[in-house]
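Student: Take a look at the following structure, please.
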Amino acid sequence: MDIVDVLLIGLRVVATFALLLVVTILNVWAERKVVADMQNRIGPDRAGPWGILQTVADGLKLFFKESVTPSKVERGVYLAAPFLAVVPAFLIFSVVPWGAPVEVFGRTMPLQVADLNVGLLFILAMSSMAVYAVVLAGWSSGSKYPLLGGVRATAQAISYEAAMGLAMVAVVMYSATTGDGTGTLSLAELVERQAGTFLGFIPRWNIIPQFVAFAIFLVAIVAETNRAPFDLVEAEQELVGGFHTEYSGMRFAMFFLAEYINVFSMSAIAATLFLGGWNGPTWSGILPAWISAILPVFWLLVKTYAIVFVFFWIRATLPRLRYDQLMQLGWKRLIPGALAWLMVSALFIGFRRFGLPWG
Amino acid sequence: MVELIVFVVGAVVALGGAVAVVVARNPVYSALGLLATLFSLGVFYVVHLAHMVAAVQIIVYAGAVMTLFLFVIMMIGVDRSEDTSETIPRHRIYLAVLAVGLLAVAGAAATGGRFSWVPAAVEGAETPNGTVQALAERLFTDWVLAFEVTALLLTIAAAGAIALAYFRREPVTEGDDR
Chain G
62 MDIVDVLLIG LRVVATFALL LVVTILNVWA ERKVVADMQN RIGPDRAGPW
112 GILQTVADGL KLFFKESVTP SKVERGVYLA APFLAVVPAF LIFSVVPWGA
162 PVEVFGRTMP LQVADLNVGL LFILAMSSMA VYAVVLAGWS SGSKYPLLGG
212 VRATAQAISY EAAMGLAMVA VVMYSATTGD GTGTLSLAEL VERQAGTFLG
262 FIPRWNIIPQ FVAFAIFLVA IVAETNRAPF DLVEAEQELV GGFHTEYSGM
312 RFAMFFLAEY INVFSMSAIA ATLFLGGWNG PTWSGILPAW ISAILPVFWL
362 LVKTYAIVFV FFWIRATLPR LRYDQLMQLG WKRLIPGALA WLMVSALFIG
412 FRRFGLPWG
Chain B
115 MVELIVFVVG AVVALGGAVA VVVARNPVYS ALGLLATLFS LGVFYVVHLA
165 HMVAAVQIIV YAGAVMTLFL FVIMMIGVDR SEDTSETIPR HRIYLAVLAV
215 GLLAVAGAAA TGGRFSWVPA AVEGAETPNG TVQALAERLF TDWVLAFEVT
265 ALLLTIAAAG AIALAYFRRE PVTEGDDR
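Printed below as a string of structure tokens:
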């Protein structure tokens, strides 16, 4: 561990931070454009070419607006809640490998802030921390609509985190069929184990054997990020704005930023767990070396944006669920479904390794 | 050096949170203090390279404080503070005796040289990679019976809680929405 190593770690942190901010600016614009196209509207088209600078303009506007503090709020918690929302949002992405390891100054640098060997548990821990921001914002606002939004957020997060975790367990179990025969919770290792192909031409992605787990995971992350059709936390028609009703200016923008970062990082995690992460053809030897080195980043972004597009798509097409429907879907469909799928895949993995019980 | 700084910061947060749990007038702040304490314990586990324990600490314990928030909001309400009048007579005296006893035990341990500074993540220590695998191997080979019995115990506890709360003597009438 010399000075170059420390600098490289710093570089990774800064690069990840910058990546998240840039994609958030693009995602807000992209969502408005995609939803506008689907609803036969034009969408933002004034700021910059195709309106691409719209988010920058909105961000600047929010930055200069007054941050109103209503008189009935619990001051300390009210002021801290937006920061509590942003910090876990950035931290979740720190375990996602967003490119193949590259050679810099004669050392191999993984393109990921930290390769934790408990990476998946870290994701679950941080997403359970993120709920506190919503609940505390709702409670400290001293107003009834935010409070209802906060309480809804708790129930929703607890319900869907279980389904999300169970879908992850199936992936971890399946990862034991490759590599050294034990499962792994490290995202970098999960990506490496998805390299190669089935039958010579189908990529060895987890989505092919674990398609049910992928479907459950996809529904659970939409609910976990409080996006439509699961955005009961901030349902406009019922709760004004939900937990952020009383927030304005930069503090409101921070909740907004956290939501969009969560959408991106949850999509990146889904791409990493099920779509092979940064695996993809790099044509090393045919293309120049530097292009081969950054192609994995490109592949991960393509896969992530495929899932982000699904987020936008269902927001434009599906109506919001009623609260009891949300709970029924979570507890009576997704969790039993995930448990049943876990049993099925455990049986198949067991048969593959130990043979049939009558064989 | 870094370890010492992390320890001091973590210890201050953990103790401050613990004091806030007892002192805070508003039970929401008590729950927040508990959250701070449990989170700092997670930080200590990371310093000691027990990443798995740290992650579990945050998911299980710090995550469970959320339920406390709900209890506070549902049972006490938002704008009323907790009723702090005492129901057990002379309980301050009993508590004082207990606290002095606990302090005496801790002091005796400290002066007896039982406490020593154990450096955590020393250079070239056992690599943390493989903690989960090592833990699973112990859990599912040497301790599999204890593990399964504990799981059964938790299931019984959950089923018992539902039975106590849900089933009553009197028959449930049609349309009775509990």
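Chains as they are written, first to last, in our numbering: chain G, 62 to 420; chain B, 115 to 292.
Backbone N, C-alpha and C fix where the C-beta goes; we use that ideal spot for every residue, glycine too.
Beta-carbon of Val-318/B versus every beta-carbon of chain G: anything under 7 Å?
Tutor: Residue numbering for chain B in the displayed model covers 115 to 292; residue 318/B lies beyond these limits and cannot be assessed.
Student: So which of Ser-406/G, Ala-401/G and Val-371/G has the shortest CA-CA distance to Met-99/G?
Tutor: For the residues Ser-406/G, Ala-401/G and Val-371/G, the minimum Cα distance to Met-99/G belongs to Val-371/G.
Student: In chain order, what are the residue ranges of uninterrupted alpha helix (DSSP H) at least 4 long that sit wholly in the stretch 353-395 of chain G?
Tutor: Entirely contained in the stretch 353-395 of chain G, the alpha helix (DSSP H) runs reaching 4 residues are, in chain order, 384-389.
Student: Could you tell me whether the stretch 68-78 of chain G touches the stretch 158-170 of chain G, using the rule of 3 or more Cβ pairs below 8 Å?
Tutor: Short answer: they touch.
Student: For Met-115/B, which of helix, strand or coil comes out of DSSP?
Tutor: Correct three-state label for Met-115/B: coil.
Student: Are the C-beta of Leu-184/B and some C-beta of chain G separated by less than 7 Å?
Tutor: Yes, contact with chain G.
Student: With a threshold of 7 Å between beta-carbons, can Leu-246/G be considered close to chain B, or not?
Tutor: At least one chain B Cβ lies under 7 Å of Leu-246/G.
Student: Looking at the structure shown, is Arg-292/B part of a helix, part of a strand, or coil, going by DSSP?
Tutor: Low per-residue confidence applies at Arg-292/B: pLDDT is 47, beneath 50, and the placement is therefore not dependable, though the value from the model is reported in the following sentence. The answer is coil: DSSP assigns Arg-292/B none of H, G, I, E or B.
Student: At a CB-CB cut-off below 8 Å, which residues of chain B make contact with Ser-236/G?
Tutor: Within 8 Å Cβ-Cβ: nothing; Ser-236/G doesn't reach chain B, min ~12 Å.
Student: Which residues in the same chain as Ser-128/G place their Cβ atom closer than 7 Å to its Cβ, once the five residues preceding and following it in sequence are excluded?
Tutor: Excluding positions up to five away in sequence, the list reads Ser-309, Gly-310, Met-311 and Arg-312.
Student: When DSSP labels each residue in this structure, what does Val-165/G get in the three-state scheme?
Tutor: In the structure shown, Val-165/G sits in a strand (DSSP, three-state: E or B).
Student: Enumerate in chain order the residues of its own chain whose CB-to-CB distance from Trp-360/G is below 6 Å, with the five nearest sequence positions on each side excluded.
Tutor: For Trp-360/G, where only same-chain residues beyond five positions count, the Cβ hits under 6 Å are Trp-339 and Gly-341.
Student: Figure out for me which residue from Val-134/G, Leu-356/G, Phe-291/G and Ala-331/G has the closest Cα to the Cα of Met-388/G.
Tutor: Of the listed residues, the one whose Cα sits closest to Met-388/G is Phe-291/G.
Student: How big is the Cα-Cα spacing for Leu-114/G and Arg-288/G?
Tutor: Each residue's Cα considered, the two are about 23 Å apart.
Student: For Tyr-206/G versus Leu-300/G, is the C-beta spacing smaller than 7 Å?
Tutor: Yes.
Student: Which residue's Cα is closest to the Cα of Pro-357/G: Ala-332/G, Ile-396/G and Ala-377/G?
Tutor: Taking only the C-alpha atoms, the option nearest Pro-357/G is Ala-332/G.
Student: For the stretch 128-157 of chain B, which segments carrying the alpha helix (DSSP H) assignment without a break, of at least 4 residues, lie completely within its bounds, in sequence order?
Tutor: You should have found no qualifying run.
Student: Specify whether the stretch 227-236 of chain G and the stretch 395-411 of chain G touch according to this definition: at least 3 beta carbon pairs, one from each stretch, less than 8 Å apart.
Tutor: With the cut-off at 8 Å, the stretch 227-236 of chain G and the stretch 395-411 of chain G touch.
Student: Which whole-angstrom value describes the C-beta separation of Thr-85/G and Leu-362/G, a residue pair presumed to lie in contact below a C-beta threshold of 8 Å?
Tutor: That belief does not hold up - the Cβ atoms of Thr-85/G and Leu-362/G are roughly 14 Å apart, past 8 Å.
Student: Enumerate, from N- to C-terminal direction, the unbroken alpha helix (DSSP H) stretches of 4 or more residues contained entirely within the stretch 90-147 of chain G.
Tutor: The qualifying runs are 115-125.
Student: Beta-carbon within less than 8 Å of Tyr-159/B's beta-carbon, same chain only, minus the 5 sequence neighbours each way: which residues are those?
Tutor: Taken in chain order, the residues that qualify are His-165, Val-167, Ala-168 and Gln-171.
Student: By the criterion of Cβ-Cβ separation under 8 Å, what are the contact partners of Trp-200/G in chain B?
Tutor: By Cβ distance, chain B contributes Val-142, Phe-183, Ile-187 and Val-192.
Student: Can you confirm whether the stretch 129-144 of chain B touches the stretch 173-187 of chain G when touching is taken to mean that 3 or more C-beta pairs between the two stretches lie within less than 8 Å?
Tutor: Judged by Cβ distances under 8 Å, the stretch 173-187 of chain G makes no contact with the stretch 129-144 of chain B, as fewer than three pairs qualify.
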